[in-house]
Amino acid sequence: MPSAKDDTITSTAAKKSIAEDLAKKQREISVTEFFEKNKHILGFDSRAKSLLMGIKEAVDNSLDACEEANILPDIYVRIDDLGEDEYRIIEEDNGPGIVHKMIPNVFGRLLFGSRFHALRQSRGQQGIGISATIMYGNITTGKAAHVKSMIEGDVARQMDIVIDTKTNRPVVSNDTAFIWEGKEHGTYIEYYIAGKYMNGKQSVYEYLKNTAIVNPHARITFVDPKGNTFVF
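My numbering puts the first residue of the sequence shown at 9, with every later residue one more than the last.
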C-alpha cells in the first residue's frame, strides 16, 4: 500500500510536469508575440530588408544542408512582383530533403530550428530561422507558404503552412504525396511577402553574386522580378 511519502512524491512530480508544460507553452507564445511586436529587432524593420532576409535565410539553409550531405549545391531563386509591394518568392535546392513529419515544425514553428535539414547552425540567421520569414509573410499578406520536399528513394510530399501566432504551431493544409518529375531529392519553398525589391549593394542580386563567389562549388540561378535570369 502506498505511503503518504509516496503520494507526496507522486504529487510533486505531477505538479512539476504540469509546471514544465506550462512554462514551455508560455515561452513559445511569448516568442511568437515578441516577433509580431519587434520586427525591427529581428531584421524585418523595412520591406527591402525583409525581402532580402527571407531569401538569405532560405539560401543559407540550402547551402548548409548540401554541405552536410556532401552534395554540390544547385539552388534556384525566383522573385515574382505581384504589384502593390507584394512578392512571391520561390527557392529550390537539391539538398537531402526533409522527413515528412518534420516539415510542419521546420517551417511553421519559431525556434524549432534555425535550419531546414540539420541540427547545427552554420550560415543561417542567429536565433529564429526560416519560420520567421514564413510568419512575416503570413502576417503581411495573409497567404500560406507552400513547401515540397523529397528524400532520395522516398515519395515526395507537399503542403501549405501558416503559423498560428497564438500557439506557435503550424497549421497544415493540402498535405499530399506526389511524383516530383526529374527530382531525386531536395526542398522547394514558395511564400508571399510584403517587400520592396532594390538594386545596389544591399540587393538580392548582390547577395547571391557574393554568395556564389565565396561558394565556388555552388550553382545559383536567379530570376529577378523583370524576368532576367542570372547564373552565378
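By construction, the Cβ of each residue, glycine as well, lies at the ideal position given by its N, Cα and C atoms.
None of the values given here were measured: they were computed from a predicted structure.
Boundaries (first-last residue) of the beta strand (DSSP E) holding residue i
i    : result
D68  : Per DSSP, D68 belongs to no beta strand (DSSP E); it is in the alpha helix (DSSP H), R55 to E76.
Y84  : D82 to G91
Y196 : G194 to A202
F240 : Neither: F240 is in no beta strand (DSSP E) and is coded neither H nor E.
E160 : That residue, E160, is in no beta strand (DSSP E); it is neither H nor E in DSSP.
A185 : R177 to F186
I97  : E94 to D101
F230 : R227 to V231
Presumed contact (8 Å Cβ cut-off) between residue i and residue j, rounded CB distance
i    : j    : result
G116 : I142 : 6 Å
I159 : P104 : 7 Å
D89  : Y95  : 6 Å
I87  : T195 : Not a contact, Cβ separation roughly 18 Å.
Euclidean distance between Cα positions of residue i and residue j
i    : j    : result
Y200 : D82  : 23 Å
K45  : G190 : 43 Å
R123 : V114 : Its pLDDT being 46, under 50, R123 is placed unreliably in this model, and the value from its coordinates should be taken loosely. Going by the C-alpha atoms only, they are around 8 Å apart.
K204 : V231 : 16 Å
R177 : S139 : 11 Å
M61  : F52  : 8 Å
K209 : D72  : 24 Å
G226 : V85  : The sequence given here places Ala at residue 226; Gly does not occur at that position. Spanning the two alpha carbons is a distance of roughly 13 Å.
T219 : D68  : 9 Å
M110 : A164 : 13 Å
T237 : S181 : 32 Å
N207 : L216 : 12 Å
A153 : C74  : 22 Å
H193 : E76  : 14 Å
P4   : K151 : In the structure displayed, the chain extends from 9 to 240; residue 4 sits before or after that span and is not available.
H108 : G161 : 13 Å
I171 : A56  : 23 Å
N146 : M167 : 15 Å
S54  : I79  : 34 Å
Residue i, buried or exposed, once every other Cβ within 10 Å from all chains shown has been counted against 16
i    : result
P224 : exposed
E65  : buried
T184 : exposed
I63  : buried
L59  : buried
T175 : exposed
K156 : buried
V239 : exposed
I187 : exposed
Q134 : Note on Q134: pLDDT 38, under 50, position unreliable in the model; no value is reported.
I169 : buried
I221 : exposed
K118 : Looking at the sequence provided, one finds Leu at residue 118 rather than Lys. L118 is buried by the Cβ-count criterion.
E198 : buried
G91  : exposed
V212 : buried
G235 : exposed
For residue i, the residue or residues it bridges with in DSSP
i    : result
Q210 : DSSP, once it has assigned bridges, lists no residue as partnering Q210.
A152 : Beta-bridge pairing links A152 to no other residue.
M167 : V155
Bounding residues of the alpha helix (DSSP H) (the contiguous stretch that carries residue i)
i    : result
V114 : I111 to G116
Beta carbon proximity, residue i to chain D, threshold 7 Å
i   : result
V67 : Among the chains in the structure shown there is no chain D, since it carries only a single protein chain.
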